[in-house]
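In this note's numbering, the protein residues as written are 282 to 881. In what follows, a single structure is set out as structure tokens and then discussed.
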Amino acid sequence: MDKSATHHPTVAHPHVEHAHEELGFWRTYVFSVDHKWIGIQYAVTGLLFLLFGFTLMMLMRWQLAYPGRPIPLIGGLFGQDKAPGGIMLPEFYNQLGAMHGTIMVFMGVVPLAVGGFGNFVLPLQIGAPDMAFPKINMMSYWAYFLGGVTMLASFFMPGGAAQSGWTSYPPLSVINQGQQTMWLIGMMFLITSSLLGSLNFITTTVQLRAKGLSWMRLPFFVWAQFVTSFLLLLAFPPLEAAGILQLMDKVAGTSFFMPSGLVVSNRIVTSMTGIAQGSVASGGGNPLLWQHLFWFLAHPEVYVLILPAMGIVSEIIANNTRKPLWGYRALVYSLVFLGFMSFIVWAHHMFMTGMGTTMSAFFQTTTMIISIPSVVILTALLMSLVGASIRFTTPMLFALAFLPMFGIGGLTGLPLGLAPSDIHLHDTYYVIGHFHYVVAPGTIFALFGGVYYWFPKATGRKMNDLLGQLHFWGSLVAINLVFFPMFIEGLAGMNRRMYDGGAQFAHTKSVLYWNVVQGYAAWALGLFQLFFIVNFFMSIKWGKAVDRNPWEATTLEWAAPSPPPHGNFLTEPIAYRAPYEYSVPGAAKDFTPQFEPERA
Numbered sequence: 282m283d284k285s286a287t288h289h290p291t292v293a294h295p296h297v298e299h300a301h302e303e304l305g306f307w308r309t310y311v312f313s314v315d316h317k318w319i320g321i322q323y324a325v326t327g328l329l330f331l332l333f334g335f336t337l338m339m340l341m342r343w344q345l346a347y348p349g350r351p352i353p354l355i356g357g358l359f360g361q362d363k364a365p366g367g368i369m370l371p372e373f374y375n376q377l378g379a380m381h382g383t384i385m386v387f388m389g390v391v392p393l394a395v396g397g398f399g400n401f402v403l404p405l406q407i408g409a410p411d412m413a414f415p416k417i418n419m420m421s422y423w424a425y426f427l428g429g430v431t432m433l434a435s436f437f438m439p440g441g442a443a444q445s446g447w448t449s450y451p452p453l454s455v456i457n458q459g460q461q462t463m464w465l466i467g468m469m470f471l472i473t474s475s476l477l478g479s480l481n482f483i484t485t486t487v488q489l490r491a492k493g494l495s496w497m498r499l500p501f502f503v504w505a506q507f508v509t510s511f512l513l514l515l516a517f518p519p520l521e522a523a524g525i526l527q528l529m530d531k532v533a534g535t536s537f538f539m540p541s542g543l544v545v546s547n548r549i550v551t552s553m554t555g556i557a558q559g560s561v562a563s564g565g566g567n568p569l570l571w572q573h574l575f576w577f578l579a580h581p582e583v584y585v586l587i588l589p590a591m592g593i594v595s596e597i598i599a600n601n602t603r604k605p606l607w608g609y610r611a612l613v614y615s616l617v618f619l620g621f622m623s624f625i626v627w628a629h630h631m632f633m634t635g636m637g638t639t640m641s642a643f644f645q646t647t648t649m650i651i652s653i654p655s656v657v658i659l660t661a662l663l664m665s666l667v668g669a670s671i672r673f674t675t676p677m678l679f680a681l682a683f684l685p686m687f688g689i690g691g692l693t694g695l696p697l698g699l700a701p702s703d704i705h706l707h708d709t710y711y712v713i714g715h716f717h718y719v720v721a722p723g724t725i726f727a728l729f730g731g732v733y734y735w736f737p738k739a740t741g742r743k744m745n746d747l748l749g750q751l752h753f754w755g756s757l758v759a760i761n762l763v764f765f766p767m768f769i770e771g772l773a774g775m776n777r778r779m780y781d782g783g784a785q786f787a788h789t790k791s792v793l794y795w796n797v798v799q800g801y802a803a804w805a806l807g808l809f810q811l812f813f814i815v816n817f818f819m820s821i822k823w824g825k826a827v828d829r830n831p832w833e834a835t836t837l838e839w840a841a842p843s844p845p846p847h848g849n850f851l852t853e854p855i856a857y858r859a860p861y862e863y864s865v866p867g868a869a870k871d872f873t874p875q876f877e878p879e880r881a
């Protein structure tokens, strides 16, 4: 048991007096400054965006399985400019692809993992009454909301949504007639939201920890959010700058990313203004500059997606194995090292750009190195299961599934980090399979586990176990049938971003049938999400009422009432021990919470 000296942060907690003015509807539920409600706003909005992004993917799956056939039931709703006669045009497919990736990453997973769970859980786990800057916290959510609305509005504007992939590579993104301008403006809002939020998380973690909560007594979830916040703070500004430069290329006739001598429709142009006016602009820009600025953000962004998931899974595993996390310090040090290394691997996305062998060797080496802390974390979580009497609760099922799914995602990434194999696999469905195994059955499964785990803390009620298990098992089977065949297709040479699924190429004929299998699996996956949606809303009102600590957990958030009141805690919390004191020899019960005083 941790007997280290107690830690006393310099900021006092105003827990003693909870009297506060009664706020009206707008300040309570819309423009709230309470971290718990802002976390719920982030979580619900993120889940809605995930559902919308998933719906776009189901439309794409129809087109890939049955190219040239009218979309059933809803095909006529898209209009003649997108789907004449219900048959999807290539331009509309490109819109769906670009917006699916953008929505799922920037408007779904990150806001739910960081904005939702981070806002709701982190202050509770460190014993804080709120975030350090409540009004900035509110502003962070509304900047995110405005960014999301801007992105969605682009679907209804002339030319439709952005069509240049979620990576928005120039010169295509600049000369394309889709609403790339709206995409860029939306990204400005989303990036600003993340910067405001990350500053808040870092300050809160450093300044507002409860008495006794030294750094090595922090729950692993807090460490994960803390490192994630540094990644957001340091990696997003280059992309915001790049977005402004691309916006200038798009609307002001500059050519930061537009090369000289570009020929479009038999005309030499170098900017969007040049295309519109039928004239030649200055040129001299570099498209590869965008790739460097984008991937300098987007590779740390991969760890922004996965680190909060690791934190959630760690909390659930410790609770349901009734054991301390195996190798807590090794987990923390690996997390910090992972965060640092994520900034020096970005160019492994760019092996095909003609970089020299020296730079290629450097980024291959750093990519292999960054796999080491990931393996340490995964191994520590697997070792935590050894010898445990596991409680197979719904959150635990999702946490357990995360381990092999993330393992498959990481393992299949290694060939992409080596230039010789990446040359053959680049821009094939193998890349899609790799990334989605990390994010979908990896991160999103962890997020589902987190919803089931902390739902009682947010509402005072538990979600239904039967519906939760149906949701889990159906999703696990369907999601693997969607993504595993992508490795087979990619190894056969099937290119990504083909609106007909590669049917026009002879070398993909032997694997085209997998598109049909993936289509049915994707639609089945959508059906199984109905169990979660019904369970979520039904349980808010009719779920089984529980006390403040239904999982018999040890971290500080379970000292607060469920749901927590204004100020979170009825008395000022004090951390007396390490975060995962389960099954302590000689203890009266199999869990000893951080907030329980030492017995004489």
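Think of the CB as a built atom: it goes at the ideal place given N, C-alpha and C, for glycine as much as any other residue. For clarity, every value in this text was computed on a predicted model and none was experimentally measured.
C-alpha distance - residue i paired with residue j, whole-angstrom precision
{"i": "H381", "j": "N776", "result": "18 angstroms"}
{"i": "F535", "j": "S449", "result": "In the sequence on display, residue 535 carries Thr and not Phe. Cα to Cα, the separation comes out at about 17 angstroms."}
{"i": "G559", "j": "I456", "result": "Confidence at G559 is low in this model, with a pLDDT of 48, below 50, so the placement of that residue should be treated as unreliable; the coordinate-derived value is given next. The straight-line gap from Cα to Cα measures roughly 12 angstroms."}
{"i": "N418", "j": "V314", "result": "7 angstroms"}
{"i": "P878", "j": "E862", "result": "13 angstroms"}
{"i": "W627", "j": "L574", "result": "9 angstroms"}
{"i": "G688", "j": "A579", "result": "20 angstroms"}
{"i": "K416", "j": "L520", "result": "25 angstroms"}
{"i": "L684", "j": "T724", "result": "10 angstroms"}
{"i": "V430", "j": "I466", "result": "11 angstroms"}
{"i": "F876", "j": "M744", "result": "26 angstroms"}
{"i": "E582", "j": "M622", "result": "12 angstroms"}
{"i": "G542", "j": "H316", "result": "52 angstroms"}
{"i": "F644", "j": "L697", "result": "11 angstroms"}
{"i": "D874", "j": "Y310", "result": "The displayed chain sequence assigns Pro, not Asp, to residue 874. Their backbone Cα atoms lie some 32 angstroms apart in a straight line."}
{"i": "Y801", "j": "M664", "result": "36 angstroms"}
{"i": "D828", "j": "K738", "result": "9 angstroms"}
{"i": "V544", "j": "Q361", "result": "29 angstroms"}
Outcome for residue i when other beta-carbon atoms lying within 10 angstroms are tallied against a minimum of 16
{"i": "T646", "result": "exposed"}
{"i": "D530", "result": "buried"}
{"i": "N796", "result": "buried"}
{"i": "R342", "result": "buried"}
{"i": "G305", "result": "exposed"}
{"i": "N547", "result": "exposed"}
{"i": "D746", "result": "exposed"}
{"i": "I472", "result": "buried"}
{"i": "P676", "result": "buried"}
Cβ pair residue i, residue j closer than 8 angstroms
{"i": "A505", "j": "M591", "result": "yes"}
{"i": "T509", "j": "L588", "result": "yes"}
{"i": "R880", "j": "A826", "result": "no"}
{"i": "F538", "j": "L526", "result": "yes"}
{"i": "H752", "j": "F813", "result": "yes"}
{"i": "M631", "j": "W576", "result": "yes"}
{"i": "Q376", "j": "G459", "result": "yes"}
{"i": "E596", "j": "F502", "result": "yes"}
{"i": "L427", "j": "F359", "result": "no"}
{"i": "I598", "j": "A680", "result": "yes"}
{"i": "L512", "j": "Y609", "result": "no"}
{"i": "R498", "j": "G408", "result": "no"}
{"i": "Y323", "j": "G378", "result": "no"}
{"i": "A533", "j": "N481", "result": "no"}
{"i": "G524", "j": "M432", "result": "no"}
{"i": "L851", "j": "P842", "result": "yes"}
{"i": "A840", "j": "P860", "result": "no"}
Close Cβ partners of residue i (< 6 angstroms) along its chain, the five nearest in sequence each way excluded
{"i": "W464", "result": "A443"}
{"i": "L453", "result": "S445"}
{"i": "V763", "result": "Q799, A802, A803"}
is_contact[residue i, chain B] using C-beta, thresh 8 angstroms
{"i": "S655", "result": "Chain labels in this structure do not include chain B; a single protein chain is all it has."}
Close beta carbons around residue i, own chain, < 7 angstroms, minus the five adjacent residues each side
{"i": "G389", "result": "G327, F330, L331, G334"}
{"i": "D871", "result": "R603, Y863, S864"}
{"i": "L748", "result": "F812, V815, N816"}
Proximal residues to residue i (C-beta, below 8 angstroms), its chain only, five neighbours per side dropped
{"i": "A522", "result": "L574"}
{"i": "T740", "result": "S820, I821, G824, S843, P844"}
Practice item. Could you tell me whether the region 475 to 491 touches the region 399 to 410, using the rule of 3 or more Cβ pairs below 8 angstroms? Key: Touching, yes, given that three or more Cβ pairs across the two stretches are closer than 8 angstroms.
Exercise for review: Could you say if the region 612 to 631 and the region 862 to 873 meet the contact criterion of at least three C-beta pairs nearer than 8 angstroms?
Suggested key: The region 612 to 631 vs the region 862 to 873: no contact.
Check your understanding: Taking three-plus beta-carbon pairs below 8 angstroms as touching, is the region 703 to 719 in contact with the region 757 to 773?
Key -> Output reads yes: the region 757 to 773 touches the region 703 to 719.
Check your understanding: Counting pairs of beta carbons, one from the region 420 to 432 and one from the region 335 to 349, are three or more of them closer than 8 angstroms?
Key -> Contact fails: fewer than three Cβ-Cβ distances are below 8 angstroms.
Check your understanding: Quick check: the region 806 to 824 against the region 758 to 768, are there 3 or more CB pairs under 8 angstroms?
Key -> Contact holds: three or more Cβ-Cβ distances are below 8 angstroms.
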